Amino acid sequence: MTSTQSIAGSELSTRTAEKGSATAEKKSATAEKRSATAEKRSATAESSSKDGASLLYTLQQEKMTEELIQSIGAKQHPHDMLWHSTSKLLQLKQELSMTDRELEEKKREVNMRLEATEERYKALEKKKEALAQRMKKFNAVIEEGKIVRYKALQRKTEEERELKIKEAKATQLIRELAYLKTKNKEILKACEKNKPSEQYLEKVYDAAPTSYFDTIDSKAESVINRMKALSTSGKQIHDELTMKTDETITMRNEMNINFPFSYPPLSPPLRVYGDPEEAVICEAISSMTVLCINGLFNLRFLISSLQQIVPFIAHPLVLLNAISDPIPCSVLDCVMKQQDLDSLFECSQVIEGVKVLRELKTASRGGGGGGSGSTGRDDSYPLVAIGFCPLEGGIKRRRGRLAAGIIKLWK
């Protein structure tokens, strides 16, 4: 019995020793866990300084774990306590990792919000700058308006002053006029009483300077002579043209048959024969037309060079205006310097080329015979120059159509 008791006592002592060592190990493990939890608390406190609610939640969980460990240590076996503690630690680690993720997500959200607020702040600053600029412009406009109003008020005051001055002057002039009227009446009464004699008037006329009357007489004579010269030259031209009407019409009809690129052989310019100079002009214009259609000649230069002919293919009043004020270095200018109106109708530049000009216009605009660019009539109708048309008979109607065609041509 003693041996069995000694063996049982030794086993109990060994078990108590093992239990004491196990409890010591547990205490050391719990101390290590507490230190680790303290470190984790510090780390979590540092990391979760921005979020106090999550930190309190973790602290409460840690307290609950400690209480569970103590309750388990009092009731269960140490191996079971270790297993439960490790499982709880793993759960806590998972929860801590979840809290870390949530904190990171919250940090990201906070950073995104901060960036958005910064962008809004920048946008607000830009809006402030734009509003400041607008306010500056508005203030400048207001100042300009004030200046304009001030100037307008100054102008009104100046105008009122001027009006007052003018009214004063007008009243003064009215008074002077009334005074002069009364004086004039007095002078007229005195003149009626004392009329000058005819001998006195003759003496005054003889005493006047003779140069004054001489200049008036010379100007009147020069005007009369110029009008006589124009009337005589006009009568001569009218008589000659009435005699040569049939010849010019037949010659023009022959030329229209061969128009526009082939003409009969040219004869020398003779006034007795007619106006073959017209053929020369038509030949030159037709060649220029061909060059213009082929892109080798400028249409504007052609029209500007032919504008000297316009007075002779227009109304006679246009010719008279051109003679009274000729273009410098033109045919009319040279003729007026020579003072020989008869030589006008011997010049080759004076003859018309209206038919070729009309075809040039239709070719340049892409028109046809009676379409766009024409007068709406048959284009074979020859436009006759006013300088070579008789002023009587049935040609008057042709002159009217000629004027309409010329007006439409030069539009």
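In the numbering used here, the protein residues as written are 887 to 1297.
A virtual CB, placed ideally from N, CA and C, is assigned to each residue, including glycine.
Computed from a predicted structure; not experimentally measured.
The alpha-carbon of Thr-1003 is positioned some 20 Å away from that of Ala-1016. Taking 8 Å as the upper bound for CB-CB distance, Leu-975 and Gln-947 are not in contact here, some 11 Å apart.
Taking the Cα of Thr-972 as reference, the smallest distance to any Cα among Ala-915, Ala-1009, Ala-1026 is reached at Ala-915.
Counting other Cβ atoms within 10 Å of its Cβ, Thr-985 reaches 16 or more and is therefore classed as buried. With a threshold of 16 other beta carbon atoms within 10 Å, Thr-1043 falls short and is exposed. Closest option to Leu-945, judged by alpha-carbon separation, among Lys-913, Lys-912, Lys-1022, Glu-981: Glu-981.
CA-to-CA, the gap between Arg-1061 and Glu-1046 works out to about 22 Å. With fewer than 16 other Cβ atoms from the protein chains shown falling within 10 Å of its own Cβ, Thr-1068 counts as exposed.
Linking Ala-1054 to Asn-1025 through their CA atoms gives a straight-line distance of about 43 Å. In the same chain as Val-1034, and ignoring 5 residues on each side of it, no C-beta atom comes closer than 6 Å to its own. The straight-line gap separating the alpha-carbon atoms of Lys-949 and Lys-1014 is approximately 54 Å. In the assembly as shown, Thr-1057 is an exposed residue. Its beta-carbon has fewer than 16 other beta-carbons within 10 Å. Sequence-distant partners of Glu-995 (beyond 5 residues in either direction) whose C-beta falls short of 7 Å from its own C-beta are missing from its chain.
Counting only the Cα atoms, Lys-912 lies some 10 Å from Glu-918.
Just so you know, the alpha carbons of Lys-1037 and Gly-1031 end up roughly 10 Å apart.
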